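When we follow the UniProt record's numbering, the leftmost residue of the sequence shown carries the number 1, and every step to the right adds one.
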Amino acid sequence: VRAQDGYEVRVTGAAGVEAEPLDLDTVASYLRDSAGGSTGEARWLEVFAALDAEHDTHPLGRLLTTPLMAYLARVAYNSSPNAVKDGPYAPAAPAVGSGRGPAPDEQHAHAGRPFELLDRSRFPTDTAIREHLLDAFIPASYARDRTPVPVPAGPSGSRHRWTRGQASHFLTFLARDLEDRQQGTTDLRWWDLTDAAPRILAGVAVGLVAVPAGVVMPFGAWLGVGMLVGVAVAMVGRRWSPPAPSFNRGLAGGLIGSLLGSAFGLGMRLALGIPSPAGYLVSGLALGLVPGFLGGFRAGLAGGVAASFVGAFVGEPEMGDSAPLVNSVGFGVAAACVVTLGHGRLPARGIRWSPLGILTGLGGGLALGIAVTLQTGWLSGLLSGLVAAVGGSFGAGLEAKPAEATVAADPQTVLGQDRVTFWTTAAAGGLAIGLAAAVVITSALGPWRGAMTGVADGLATGLAWGFLQARYGPFTLARWWLALRGQVPWRLMSFLADAHRRGVLRQVGATYQLRHAEVQRRLARRT
Numbered sequence: 001v002r003a004q005d006g007y008e009v010r011v012t013g014a015a016g017v018e019a020e021p022l023d024l025d026t027v028a029s030y031l032r033d034s035a036g037g038s039t040g041e042a043r044w045l046e047v048f049a050a051l052d053a054e055h056d057t058h059p060l061g062r063l064l065t066t067p068l069m070a071y072l073a074r075v076a077y078n079s080s081p082n083a084v085k086d087g088p089y090a091p092a093a094p095a096v097g098s099g100r101g102p103a104p105d106e107q108h109a110h111a112g113r114p115f116e117l118l119d120r121s122r123f124p125t126d127t128a129i130r131e132h133l134l135d136a137f138i139p140a141s142y143a144r145d146r147t148p149v150p151v152p153a154g155p156s157g158s159r160h161r162w163t164r165g166q167a168s169h170f171l172t173f174l175a176r177d178l179e180d181r182q183q184g185t186t187d188l189r190w191w192d193l194t195d196a197a198p199r200i201l202a203g204v205a206v207g208l209v210a211v212p213a214g215v216v217m218p219f220g221a222w223l224g225v226g227m228l229v230g231v232a233v234a235m236v237g238r239r240w241s242p243p244a245p246s247f248n249r250g251l252a253g254g255l256i257g258s259l260l261g262s263a264f265g266l267g268m269r270l271a272l273g274i275p276s277p278a279g280y281l282v283s284g285l286a287l288g289l290v291p292g293f294l295g296g297f298r299a300g301l302a303g304g305v306a307a308s309f310v311g312a313f314v315g316e317p318e319m320g321d322s323a324p325l326v327n328s329v330g331f332g333v334a335a336a337c338v339v340t341l342g343h344g345r346l347p348a349r350g351i352r353w354s355p356l357g358i359l360t361g362l363g364g365g366l367a368l369g370i371a372v373t374l375q376t377g378w379l380s381g382l383l384s385g386l387v388a389a390v391g392g393s394f395g396a397g398l399e400a401k402p403a404e405a406t407v408a409a410d411p412q413t414v415l416g417q418d419r420v421t422f423w424t425t426a427a428a429g430g431l432a433i434g435l436a437a438a439v440v441i442t443s444a445l446g447p448w449r450g451a452m453t454g455v456a457d458g459l460a461t462g463l464a465w466g467f468l469q470a471r472y473g474p475f476t477l478a479r480w481w482l483a484l485r486g487q488v489p490w491r492l493m494s495f496l497a498d499a500h501r502r503g504v505l506r507q508v509g510a511t512y513q514l515r516h517a518e519v520q521r522r523l524a525r526r527t
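The following block contains the structure:
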């Protein structure tokens, strides 16, 4: 191993900690003291008297010396109303063998009398007792007398109760997801649940929103064709230029590629004597930026060159009857690919300024201003360039700061930070592109067409940018999908927080875990 800024050291041994079995007398005191009064204590007294009579040969005596089984026996057979463990509303938990349980007049919520655990016909082995206690854990935790009173408000401010059956069903799905899809990890992180839904779900949703943007664009079908070509080239380029932690390198590559591709395409048209409207420069810039979201600098550069070259060289000025259809397909497919392949893996804990993103926005605004000037005059070009430069530097200059799952205070805080980042970056990106598109199209075709184009482009771009920068968007869609299938509750975060307060889940930073790995495995094996 090597310490930070230190020398490498070979480790030849390490100290370990091995838990000793609990003393049976200590377990007996623990269960009696939490039994809720003399009646409950008497039930455990007869159990341990029988164990003493068998001289510790009964499997129950061996099993209860493990902390997990002692705890599960307490949950299953001792009433514990309002005893919320390990949560922000929890009272201090008594140590094993100390403290008192609920008041004597409180009802018991156990599945039966603990003496039944001594029945060798029902529980011939310690495995049978273990499975019984594991199976009783969730129903007992959601018994009526264990419901926190008053029920604390969830993250949305609402209060909900879940029945034993509902809780068992939802927790079983979550346990199976951890065991199967996530290969046995015990860390239940809300942002990982996005992969429990179809991966293309977020891409399809944003792609559908992007379809109207392609319909209202006042350009020929070459725009949609160029976008599809650029995305295809960028996806191939991902093999040699994987996505960087920040999208701005890819955007910078796409901007440079769009300039090179547009210049090369228009140069080819001039050499062949084909008319070359300056408007191709404007659309060429937009075409080149889209592939930049799919990879690093080289992938963005290759995709930008390909998209802009197709737009500038192959394009025709006439709209044509097929243009809205082709462009809508191009916009929808491009948006779906970008969101499906480009989003990050961790939630965001805020936003920060990116110098490269600011420079990319300023460069894009300058290039757009020059292109519009060549097409409609210097006044429109100046206005378009200023709007695009200011909006672009603001939209591209904001990027998400990834959260650290083990440092954050709790899952709700991480989700709240990520949600704010989602809407902030979505608004910044949408306003930047929407205003730029509205100004450019207004200068050529009038305010009504400019407004329609700006709104459609801004909505699609802003939503895509938010999905790329934060996990809140994909998580929300995945949560809706799973809730529609009945696999998780609609108010998932409230449910998880409630399970944590009941002691079913424990919390490590921004991560939840089921009470014990054995509980998780037992739930996952349920039929």
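Where a beta carbon is used, it is the ideal one built from N, C-alpha and C, also for glycine. Quick caveat, the model's predicted, so the values are computed rather than measured.
Item                                                                                                            : Value
Short Cβ contact (8 Å threshold) for P212 with A456                                                             : yes
Continuous beta strand (DSSP E) stretch holding V508: start and end                                             : L505 to V508
Check whether V229 and A302 have beta carbons under 8 Å apart                                                   : no
First and last residue of the uninterrupted alpha helix (DSSP H) at R74                                         : P67 to Y77
Contact with chain D by V488, beta-carbon distance below 8 Å                                                    : Given the protein chain composition of this structure (a single chain), no chain D is represented.
Limits of the alpha helix (DSSP H) - the one that I200 falls within                                             : Premise fails: I200 is in no alpha helix (DSSP H) and is neither H nor E.
C-alpha gap between G458 and L492, whole angstroms                                                              : 31 Å
Spatial neighbours of D135 in its chain, beta-carbon cut-off 8 Å, leaving aside the 5 residues before and after : R522
Where T26 falls: helix, strand or coil (DSSP)                                                                   : helix
Rounded distance between the beta-carbons of P59 and D119, thought under 8 Å                                    : Not really, about 11 Å apart at Cβ, beyond 8 Å.
Pick from T66, P489 and R501 that is closest to T26, judged by C-alpha positions                                : T66
Best match in I256, V209, G430 and R74 for proximity to P291 [C-alpha to C-alpha]                               : I256
Local conformation of A35 per DSSP, three classes                                                               : coil
M235 versus Q520, G296, L468 and L463, residue with shortest Cα-Cα distance                                     : G296
Counted within 10 angstroms of its Cβ, other Cβ atoms place E399 as buried (16 or more) or exposed              : buried
Touch test, the segment 201-210 against the segment 331-338, Cβ-Cβ under 8 Å, three pairs minimum               : yes
When G253, A464, A167 and P447 are compared against G363, the one with the closest alpha-carbon                 : G253
Residue nearest to A50 in terms of C-alpha spacing, selected from W490, G61 and P474                            : G61
For L289, the residue or residues it bridges with in DSSP                                                       : DSSP output for L289 lists no bridge partner at all.
Through-space distance from P114 to A510, alpha-carbon basis                                                    : 37 Å
Selected residue, minimal CA-CA separation from A437, among T527, A409, V372 and L477                           : V372
Residue range of the unbroken beta strand (DSSP E) whose run includes W222                                      : Where W222 is concerned, there is no enclosing beta strand (DSSP E), although the alpha helix (DSSP H) it sits in stretches over W222 to G237.
Meets three-Cβ-pair contact criterion under 8 Å: the segment 419-426 and the segment 354-362                    : no
Whole-number beta carbon distance between A432 and G392, since they are thought to touch under 8 Å              : 5 Å
Residue(s) in a DSSP beta bridge with I256                                                                      : I256 pairs with nothing; no bridge assigned.
Touching by the beta-carbon criterion (3+ pairs, under 8 Å), the segment 164-173 and the segment 474-481        : no
Closest Cα partner of E20 within the set W448, G462, L68 and G300                                               : L68
Whole-angstrom C-beta distance between A299 and G237, which should lie under 8 Å                                : 3 Å
Residue from L496, W490, Q513 and R479 with nearest C-alpha to T194                                             : R479
Bridge partners - A517, DSSP secondary structure assignment                                                     : DSSP output for A517 lists no bridge partner at all.
Counterpart residues of L188 in DSSP-defined beta bridges                                                       : Y512
Short Cβ contact (8 Å threshold) for G311 with L223                                                             : yes
Distance, P411 Cα to W490 Cα                                                                                    : 17 Å
Boundaries (first-last residue) of the alpha helix (DSSP H) holding W481                                        : Y472 to L484
Beta-bridge partners of W465, as assigned by DSSP                                                               : Partner(s): none; W465 has no beta bridge.
Paired residues, beta bridge with A400 - DSSP                                                                   : I351
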